[in-house]
Every structure is written in C-alpha cells, then in structure tokens.
Amino acid sequence: MNKKPVWTGVIILGLCLLVSGCVVRANEHDKPVPMAEVGSIISAHMIDDQIGWLLTETAIFKSNEGGLEWTDITPASFVGVSDIKAGFIDDITGCIALFKENAANLEILRTSDGGQTWTSFNIDSREGQMAPWPAALTFTDSDHGWLVTSYGVAMGSNWVDVYVTEDGGQSWQLVASGTPTSDRFSGLPLGGLKTGLGAADSQKAWLTGFSYGDGVWLYGTTDGGQNWRPVKLPVDPTYSTEAGSAPSWPPVFVDSHNGFLPVIFGDNDCVVFYRTRNGGNTWEQTVQVSVTDQQPVWDFVDSEHGFVAAGDKLHVTGDGGQSWQSVDLKLIDVTQVDFITAKQGWAVSEGKLFSTADGGQTWVQVTK
614 MNKKPVWTGV IILGLCLLVS GCVVRANEHD KPVPMAEVGS IISAHMIDDQ
664 IGWLLTETAI FKSNEGGLEW TDITPASFVG VSDIKAGFID DITGCIALFK
714 ENAANLEILR TSDGGQTWTS FNIDSREGQM APWPAALTFT DSDHGWLVTS
764 YGVAMGSNWV DVYVTEDGGQ SWQLVASGTP TSDRFSGLPL GGLKTGLGAA
814 DSQKAWLTGF SYGDGVWLYG TTDGGQNWRP VKLPVDPTYS TEAGSAPSWP
864 PVFVDSHNGF LPVIFGDNDC VVFYRTRNGG NTWEQTVQVS VTDQQPVWDF
914 VDSEHGFVAA GDKLHVTGDG GQSWQSVDLK LIDVTQVDFI TAKQGWAVSE
964 GKLFSTADGG QTWVQVTK
C-alpha cells in the first residue's frame with residue numbers, strides 16, 4: 614500500500630535548482646541491475662504483484678518482474694542525498710521530495726512515464742530559513758496529494774508547512790503554516806514534534822506527532838488544509854499519555870472511508886490502532902498489539918486485513934484489529950512492510966527486500 618511514511622533525501626543540480634518545470638532524463642545506461650548491485654534499500658513501493666519501485670540512498674529502481682529484476686531509473690543528477698520522501702500513484706506516475714544540505718530549496722521530482730524522464734518543481738525556503746526537508750508526502754488519488762515540509766525542531770516546537778497538489782504533483786500550493794507570523798497560519802501549531810500526515814481524500818487529513826505534555830497529539834483538517842483543529846481520541850484509562858509517551862502516527866487509509874490511526878503507548882509497550890469507518894469523522898479503539906523497544910512498522914490492505922512487524926513477531930489481523938495473531942517473523946531489523954493482499958507482501962530487513970506469498974508465514978529473500 615502507499616500512504617505510509619518513509620525516510621531519506623535528494624536534489625537536482627544545475628539549472629533545475631533555479632527553474633521549476635525542467636525535464637531530467639534517467640541515466641542513459643538504464644538496464645536491469647542484478648540484485649547485488651542495488652544497495653541498501655530505504656523503502657519499497659509495490660503497486661501490484663509485478664510492478665514496484667525501490668528507493669536506496671543513491672538510486673531509484675523499478676521492477677516489472679515481481680521484484681526479480683530491477684531497472685535503474687535514477688536521474689543523472691541524483692546525488693548528495695540527505696533526506697527524501699516518495700509517493701507513487703501507479704505503475705508510471707510518482708513524486709519524490711528531495712533535500713540536500715545547504716540547498717536553497719526543496720526539490721520535487723515527478724515522473725509520468727515510469728521513470729524514463731523526470732520533471733522538477735521547487736519549494737522555496739521561507740522567512741530567511743534554509744531549505745525545508747520533507748516530512749510527509751502522500752497521494753489520495755491520481756490528482757490530489759499532500760506534502761509536509763519541516764524547518765527543524767527546537768525546545769519542543771517544530772515548524773511545518775502543508776502543501777497540496779491538484780494536478781498529480783506537477784505543482785504544489787502552500788495551504789497552511791505552523792508559524793504564527795505567516796499569512797497562511799490557520800491553527801496548525803508550532804508546538805509538538807510532528808511524525809507525519811495521513812489523508813482520507815483531498816479535504817480530510819491528520820497531522821500526527823507528540824508533545825512533552827500529557828495526552829495524544831493529533832490535529833485534523835476537513836477543508837483541504839485551510840484550517841486545523843485538535844482531534845481528541847478515546848483513550849483507555851489504563852494507558853499512559855504522560856510527557857509525550859504516546860506519539861500518534863499517520864493514519865493508513867485503504868479507501869476514503871476506512872482507515873487506521875496508530876498510537877504507540879510507550880509506557881504500556883503496545884500500539885493501538887484507532888479505526889474509522891466514516892472517513893475520520895469518528896475513531897474507535899481496537900485491540901492493542903504488544904511491541905518491543907524496536908520501532909514497529911505496519912500496513913493495512915483493506916478494512917479487515919493488517920500487519921504489524923515488531924521485533925521478532927509479525928502480528929496479523931483479519932477482522933479490522935479486533936483480534937491479532939502472532940507468528941515468528943524470522944527477519945531482523947524490519948523497517949517496512951508493504952502488503953498488496955492478505956497473502957502477498959514485501960518487507961525491508963537490514964536493507965534487503967523479502968517477499969511472502971502466505972501472509973508472512975514464510976519469507977523469500979529477493980535482494981542480496
């Protein structure tokens with residue numbers, strides 16, 4: 614699935630740093646690359662059982678062979694990566710937000726031909742700041758997407774701006790800013806450390822994070838990002854939310870109505886998914902999943918089936934989080950799970966890609 618947040622970064626050199634809308638071709642030597650040459654994987658974005666995209670610290674790859682063979686589609690100027698976020702809409706269209714140290718702006722690369730060519734769009738720095746880095750990038754359909762940029766963290770505060778696109782990522786417009794001095798200030802708080810953004814559609818989205826006060830930190834918009842208000846979740850009184858111990862994470866929407874918003878209750882060693890069936894108008898608590906000190910990762914493929922990788926366990930639900938079954942994961946340091954059905958999925962473990970065809974019971978190594 615898409616709509617999950619992933620980490621990393623990149624930017625275009627030369628004229629593309631100065632002018633929006635330039636075209637950058639992928640490397641002329643594009644060819645299938647043996648898996649041993651792909652490098653350490655940051656994230657995988659599988660569209661179906663055959664087509665997917667891979668990001669590493671230095672390259673972009675695409676597969677039309679179920680991950681058995683990958684083609685290097687990296688633009689020639691893809692160098693100096695510091696931070697990156699990606700959102701892939703389908704088998705030919707995707708956007709990558711790129712950050713480079715000491716850059717004058719944040720660059721958005723977009724392809725609409727499967728990575729053969731890339732166009733660029735610049736997000737300029739604001740109010741005399743250095744270029745922002747990408748904190749979230751997600752699409753809700755082929756036209757509409759959300760981008761969150763961050764200007765850093767200081768003393769419990771984190772200035773972020775929210776941009777939207779209505780043309781599939783060809784252009785982006787600022788709709789909300791977290792600094793009170795901005796003319797786009799619309800209730801988006803400066804306080805709180807943000808973990809990302811998840812969206813149900815072009816109008817409804819939730820900014821997640823935590824603060825060093827008590828409670829679950831969560832803000833939502835219902836008007837395309839123009840206005841933001843705090844959202845209160847029902848919290849079981851046995852769960853601790855003291856001093857930032859319960860960070861919220863971006864909701865995963867499987868359609869415009871059904872979504873799952875994770876909150877990690879650190880003092881209780883568990884993650885709880887808040888489920889919505891009405892596009893985020895209301896949220897209900899599901900059964901907790903036990904987690905370890907390692908950051909859990911998760912994915913949902915529909916309104917009933919979901920997966921949580923935590924430590925050496927894979928927790929699986931087939932009833933929308935009302936119950937969970939655990940299996941031995943047999944993978945180390947899992948940083949992403951990406952399922953397209955209740956059976957077919959992928960995981961990134963120690964920078965390598967693995968696949969499963971039985972819902973995580975067994976895994977096959979895809980890259981070396």
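Our numbering numbers the first residue of the sequence shown as 614 and each following residue consecutively.
Cβ atoms here follow ideal geometry from the backbone N, Cα and C, with glycine treated the same way.
(message) If the criterion is Cβ atoms closer than 8 Å, does the pair V979 and D912 meet it?
(response) At the C-beta level, V979 and D912 stay beyond 8 Å of one another.
(message) Using C-beta distances below 7 Å, list every residue in its chain close to A970, excluding the 5 sequence neighbours before and after it, in chain order.
(response) Excluding positions up to five away in sequence, the list reads K956, Q957.
(message) I'd like the list of long-range same chain contacts for Y825, defined as Cβ closer than 6 Å, with 5 residues on each side in sequence excluded.
(response) G769, A856, G857
(request) Measure from the alpha carbon of D685 to the alpha carbon of each residue in V651, H870, L711, then state which is nearest. (result) V651
(request) Compute the Euclidean distance between the alpha carbons of V761 and I877, then round it to the nearest angstrom. (result) 22 Å
(request) Kindly indicate the opening and closing residues of the beta strand (DSSP E) around T834. (result) 831-834
(message) Determine whether the beta carbon atoms of G931 and T899 lie at a separation below 8 Å.
(response) no
(request) For P793, count neighbouring Cβ atoms within 10 angstroms of its own Cβ and tell me buried if that reaches 16, exposed if not. (result) Exposed, because fewer than 16 other Cβ atoms sit within 10 Å of the Cβ of P793.
(message) For Y887, list the residues DSSP reports as bridge partners.
(response) L874, Q898
(request) Please state whether DSSP places D880 in a helix, a strand or coil. (result) Three-state DSSP puts D880 in a helix.
(request) Report the rounded CA-to-CA distance for I660 versus I953, giving the unit in angstroms. (result) 7 Å
(message) Assuming contact is defined by CB atoms lying nearer than 8 Å, are A716 and A748 in contact in what I supplied?
(response) no
(message) Tell me the rounded alpha-carbon separation between S916 and V844.
(response) 22 Å
(request) Taking only the alpha-carbon atoms, compute the straight-line gap between T895 and T889 and give it to the nearest angstrom. (result) 6 Å
(request) Give the C-beta separation of S733 and E720 to the nearest angstrom, bearing in mind that I take them to be a contact with Cβ-Cβ under 8 Å. (result) 6 Å
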